[in-house]
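Residue numbers (this note's numbering): 58 to 232.
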């Protein structure tokens, strides 16, 4: 809304600019709209770099394209579902919520890496791949569930914030 409000003011002032006048849009709405736009632009620039850097690091550490693909797919789906729910719920992309995609990337990568390491551990114990998958899920279920639950509760705590963008971040991240 801030962006549309500021754009409407700029559009209304266009005849003055066309006549040679200098015009400026000022005030909290204009500043917030500028900050939202700048943070969105930075997110669009930096997130792909972070994804490439982390994927490259995962390739070095895991030495498996299939494992890295699994991590990348899970992280991408996590971001898509969360951002999709943001759209469905009418939550805004703003200076605060623009931080959500990198946070989701890191969290989903961490959870998936734990599962992969449990799987590798099961294979090291000479389990067949099918049994190793089941064992990895069994080993990872409780700690992963507890970690996800506490993280979700932490994000839900942001719903008590006074600032709407912080509450929106809490809700979207909890989802």
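Glycine included, each C-beta is placed from N, C-alpha and C at the ideal position.
C-beta neighbour in chain B for residue 125, strict 9 Å: Looking at the structure shown, chain B is missing, and only one protein chain is on hand.
Counted within 10 angstroms of its Cβ, other Cβ atoms place residue 227 as buried (16 or more) or exposed: By one-based count along the chain shown, residue 227 stands at place 170. So residue 227 counts as buried.
Complete alpha helix (DSSP H) runs within the region 135-220 (minimum length 4 residues, chain order): Whole alpha helix (DSSP H) segments, 4+ residues: 157-181 and 186-214.
Length of the line joining the Cα atoms of residue 82 and residue 62: As a position in the chain shown, residue 82 is number 25, starting the count at 1. As a position in the chain shown, residue 62 is number 5, starting the count at 1. So the two alpha carbons sit approximately 10 Å from each other.
Residue 120 - DSSP class collapsed to helix/strand/coil: For this step, residue 120 is matched to residue 63 along the chain shown. In the three-state scheme derived from DSSP, where H, G and I count as helix and E and B as strand, residue 120 is classed as coil.
Selected residue, minimal CA-CA separation from residue 36, among 203, 147, 191 and 194: The displayed coordinates of the chain run from 58 to 232. Any statement about residue 36 would go beyond what the structure contains.
Own chain, CB closer than 6 Å to residue 205, minus 5 neighbours either side, in chain order: Within the chain shown, numbered from 1, the residue matching residue 205 stands at position 148. The beta carbon of residue 205 sits closer than 6 Å to no other beta carbon from its chain once the five residues preceding and following it are set aside.
Run of the alpha helix (DSSP H) containing residue 58, from where it starts to where it stops: Your numbering for residue 58 matches position 1 in the chain shown. From DSSP, residue 58 is part of no alpha helix (DSSP H); its letter is neither H nor E.
Residue 179 beta carbon less than 9 Å from that of residue 198: Along the chain shown, one-based indexing puts residue 198 at 141. Along the chain shown, one-based indexing puts residue 179 at 122. Residue 198 places its beta carbon 9 Å or farther from that of residue 179.
Residue from 118, 122, 190 and 60 whose Cα sits closest to the Cα of residue 97: Reading the chain shown from its first residue, position 40 is the one you call residue 97. Out of 118, 122, 190 and 60, 60 has the C-alpha closest to the C-alpha of residue 97.
Three-pair Cβ contact test at 8 Å for the region 183-191 versus the region 118-129: Segments in contact, no.
Coarse secondary structure for residue 82, derived from DSSP in three states: One-based indexing of the chain shown puts residue 82 at position 25. In the three-state scheme derived from DSSP, where H, G and I count as helix and E and B as strand, residue 82 is classed as coil.
Three-state class that DSSP yields for residue 76 in the structure shown: Residue numbering aside, residue 76 sits at position 19 when the chain shown is read from its first letter. Coil, per DSSP.
Distance CB(residue 135)-CB(residue 164) smaller than 9 Å: Residue mapping note: residue 135 aligns to position 78 of the chain shown, counting from 1. Residue mapping note: residue 164 aligns to position 107 of the chain shown, counting from 1. Going by C-beta atoms, residue 135 is nearer than 9 Å to residue 164.
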